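Okay, structure first, notes after.
In our numbering, the protein residues as written are 315 to 524.
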């Protein structure tokens with residue numbers, strides 16, 4: 315067996331081992347996430363129940379209320395007024411997640427008391443061409459990511475190229491897909507707002523300055 319064949323076999327074995335290791339690691343991560351997610355949901359339920367009870371206390375300090383609202387939302391990057399409004403919606407949990415995901419595209423309009431698109435995304439056509447751009451970007455970058463494997467002359471020598479294109483263009487494809495999903499979830503949130511009785515009182519001054 316000549317040196318070239320030995321090198322080729324070594325590269326193939328190394329690639330196979332790396333691929334199997336990647337699959338095993340991914341499986342462990344997914345399994346651990348599923349387990350921790352169940353525990354987290356239980357903790358979230360207990361916290362939400364206790365916090366919403368605390369809101370009945372008129373002496374509850376604004377700091378405690380704000381911290382609780384941030385914890386409910388899972389982020390402190392949102393305004394208190396935004397979280398307060400979202401908690402008044404039916405399916406509040408989904409609405410908070412969608413708002414956090416689509417925050418780049420939507421905002422809470424305190425004058426209309428509803429979630430609206432940010433100014434540059436208010437016109438339907440501006441959202442339409444962006445969705446087309448994101449989907450086109452996803453297809454384009456995904457094709458570039460796997461381009462080396464499409465070549466009829468693909469050999470082991472092209473493996474370094476594939477190792478470069480898969481993560482590089484794969485990440486760009488994933489980012490394009492994420493932007494498309496964010497915009498779609500923002501559209502769903504804006505169109506499906508349905509309020510029920512107000513649960514949390516927040517004075518007018520704090521609503522404007524939050």
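Backbone N, C-alpha and C fix where the C-beta goes; we use that ideal spot for every residue, glycine too.
Bear in mind the structure is a predicted one, so any value in this text is a computation, not a measurement.
Exposed unless 16 or more other CB atoms sit within 10 angstroms - verdict on residue i
{"i": "residue 500", "result": "buried"}
{"i": "residue 431", "result": "buried"}
{"i": "residue 477", "result": "exposed"}
{"i": "residue 505", "result": "exposed"}
{"i": "residue 519", "result": "A caution first: residue 519 carries a pLDDT of 48, below 50, which makes its placement in the model too unreliable to give a value."}
{"i": "residue 368", "result": "exposed"}
{"i": "residue 392", "result": "buried"}
{"i": "residue 450", "result": "exposed"}
{"i": "residue 356", "result": "exposed"}
{"i": "residue 372", "result": "exposed"}
Residue i - DSSP class collapsed to helix/strand/coil
{"i": "residue 426", "result": "coil"}
{"i": "residue 374", "result": "coil"}
{"i": "residue 403", "result": "strand"}
{"i": "residue 369", "result": "coil"}
{"i": "residue 439", "result": "helix"}
{"i": "residue 484", "result": "helix"}
{"i": "residue 460", "result": "coil"}
{"i": "residue 506", "result": "coil"}
{"i": "residue 388", "result": "coil"}
{"i": "residue 393", "result": "coil"}
{"i": "residue 518", "result": "In this prediction, residue 518 scores a pLDDT of 44, lower than 50, which makes its location untrustworthy; the coordinate-derived value is nonetheless stated afterwards. Of the three classes helix, strand and coil, the one that applies to residue 518 here is helix, per DSSP."}
Strand pairing of residue i, partner residues [DSSP]
{"i": "residue 431", "result": "420"}
For residue i, the nearest candidate out of the options (CA to CA)
{"i": "residue 396", "options": "417, 376, 377, 404", "result": "417"}
{"i": "residue 380", "options": "372, 390, 373, 371", "result": "390"}
{"i": "residue 384", "options": "495, 410, 372, 367", "result": "410"}
{"i": "residue 429", "options": "401, 443, 442, 446", "result": "401"}
{"i": "residue 452", "options": "494, 376, 498", "result": "494"}
{"i": "residue 498", "options": "454, 412, 474", "result": "412"}
{"i": "residue 425", "options": "399, 448, 444, 443", "result": "399"}
{"i": "residue 507", "options": "479, 463, 427", "result": "427"}
{"i": "residue 531", "options": "433, 415, 414", "result": "Coverage of the chain is limited to positions 315 through 524, which leaves residue 531 absent and any answer about it impossible."}
{"i": "residue 407", "options": "419, 454, 388, 376", "result": "388"}
Is there contact here, the segment 433 to 442 with the segment 474 to 491, by at least three beta-carbon pairs under 8 Å?
With the cut-off at 8 Å, the segment 433 to 442 and the segment 474 to 491 do not touch.
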